[in-house]
Amino acid sequence: MRKILVAGNWKMHGSKAMVNGLLKGLLAAPDSERAELAVFPPFPYLALAQSLLSGSSIAWGAQTLNPVAQGAHTGEVSAPMLLDTGCRYVLVGHSERRSLYGESDADVAERFAAALAAGLEPVLCVGETLEEREQGRTEQVVERQLQAVLERCGVDGFRRAIVAYEPVWAIGTGKTATPDQAQAVHAFIRDKFASRDDIIAGQLRILYGGSVNGSNAADLFAREDIDGGLVGGASLKAEDFLTIRDAA
Ligand code: PEP
2 MRKILVAGNW
12 KMHGSKAMVN
22 GLLKGLLAAP
32 DSERAELAVF
42 PPFPYLALAQ
52 SLLSGSSIAW
62 GAQTLNPVAQ
72 GAHTGEVSAP
82 MLLDTGCRYV
92 LVGHSERRSL
102 YGESDADVAE
112 RFAAALAAGL
122 EPVLCVGETL
132 EEREQGRTEQ
142 VVERQLQAVL
152 ERCGVDGFRR
162 AIVAYEPVWA
172 IGTGKTATPD
182 QAQAVHAFIR
192 DKFASRDDII
202 AGQLRILYGG
212 SVNGSNAADL
222 FAREDIDGGL
232 VGGASLKAED
242 FLTIRDAA
């Protein structure tokens, strides 16, 4: 039985005051039996998240990592450092990392492998652009993005990992994939794993991301292969984020 996960990607938003207010707002709400929460603050606020969330049911993670464990990599942050701040998760291959910072499929696979090696649970983001969807290439693109990680880490690498399907055209645009569109790609992803290992495929949580909000979450989360959401904009206010969790 896969438990719904509602994960908040704060991107490059926040301040100490905002983190305090938002996390205290989340902590004030009773836990849900149906859905778990996780937050992904910017690096400078991970230690604050750790001090506020330790001992609670809310997990936290980082938005990216460098695949090297330590060394002369000015400005970078490694998997062991994330573990040291109590992170359970780390996003890898978010479309903004791919498009703005040039992360290739191979780079994403290295980050995924480094996260696993350190004991973090990577959240692998995949998804097509509008142009790719219009050309009918959605499955081909998602397959290529998954394949790079499968070749690097094998299907076993997904025993402790999450996949997030995030159509690029739906991220931060207010346009959400319909539940049918999202379910079709989620089923395609799960089938790809099932052809390698039925048990891993059955346990794998596949989140949907792309303008999830309090009005569309229930219909998305009700679909068979949609195991929660990766939420950007609507994760920045405790009330909005909790409304999405409670849609599960
Ligand atoms: C995201 O950042 O992964 C995301 C899905 O953003 P939004 O919910 O704002 O579309």
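Positions 2 to 249 (the numbering used here) are the ones given, in order, by the sequence shown.
Built from N, CA and C at the ideal position, the CB exists for glycine as well.
Here the structure is a predicted model, which means the values were calculated and not measured.
Reduced DSSP secondary structure (H/G/I, E/B, other) of residue i
{"i": "Pro45", "result": "helix"}
{"i": "Ser216", "result": "coil"}
{"i": "Glu9", "result": "According to the sequence displayed, residue 9 carries Gly and not Glu. It is a strand residue."}
{"i": "Val69", "result": "coil"}
{"i": "Gly211", "result": "coil"}
{"i": "Arg145", "result": "helix"}
{"i": "Ala114", "result": "helix"}
{"i": "Ile227", "result": "coil"}
{"i": "Glu135", "result": "helix"}
{"i": "Leu205", "result": "coil"}
{"i": "Glu37", "result": "strand"}
{"i": "Ala249", "result": "coil"}
{"i": "Val232", "result": "strand"}
{"i": "Ser52", "result": "helix"}
{"i": "Arg98", "result": "helix"}
Burial state of residue i, where buried means 16 or more other Cβ atoms lie within 10 Å
{"i": "Tyr291", "result": "The requested residue 291 does not occur in the structure, where the chain is confined to residues 2 to 249."}
{"i": "Arg145", "result": "exposed"}
{"i": "Gln136", "result": "exposed"}
{"i": "Asp226", "result": "buried"}
{"i": "Ser236", "result": "buried"}
{"i": "Tyr209", "result": "buried"}
{"i": "Arg35", "result": "exposed"}
{"i": "Thr179", "result": "exposed"}
{"i": "Arg112", "result": "buried"}
{"i": "Arg3", "result": "exposed"}
{"i": "Ile172", "result": "buried"}
{"i": "Ile245", "result": "buried"}
{"i": "Ile200", "result": "exposed"}
{"i": "Pro42", "result": "buried"}
{"i": "Pro31", "result": "exposed"}
Residues bridged to residue i [DSSP beta-bridge criterion]
{"i": "Glu122", "result": "Tyr90"}
{"i": "Leu84", "result": "Answer by DSSP bridge pairing: none, since Leu84 is not bridged."}
{"i": "Gly62", "result": "Tyr90"}
{"i": "Ala165", "result": "Cys126, Leu208"}
{"i": "Ser79", "result": "Asn67"}
Integer Cβ distance of residue i from residue j, believed to fall under 8 Å
{"i": "Leu24", "j": "Ala60", "result": "Not confirmed; about 12 Å, so no contact."}
{"i": "Leu6", "j": "Gly215", "result": "Contact flag wrong, Cβ pair sits at about 17 Å."}
{"i": "Leu147", "j": "Ile207", "result": "The Cβ separation is near 11 Å, so there is no contact."}
{"i": "Trp170", "j": "Arg197", "result": "That pair is no contact at about 29 Å."}
{"i": "Cys126", "j": "Ser96", "result": "6 Å"}
{"i": "Ala149", "j": "Val109", "result": "7 Å"}
Distance cut-off 7 Å: residue i Cβ against heavy atoms of ligand 1
{"i": "Lys238", "result": "no"}
{"i": "Ser196", "result": "no"}
{"i": "Gly233", "result": "yes"}
{"i": "Asn217", "result": "no"}
{"i": "His95", "result": "yes"}
{"i": "Ala63", "result": "no"}
{"i": "Glu132", "result": "no"}
{"i": "Glu167", "result": "yes"}
{"i": "Ser100", "result": "no"}
{"i": "Val40", "result": "no"}
{"i": "Val109", "result": "no"}
{"i": "Gly211", "result": "yes"}
{"i": "Asn10", "result": "yes"}
Heavy atom of ligand 3 within 7 Å of residue i beta-carbon
{"i": "Ile172", "result": "Ligand 3 is not among the ligands present in this structure, which contains only ligand 1."}
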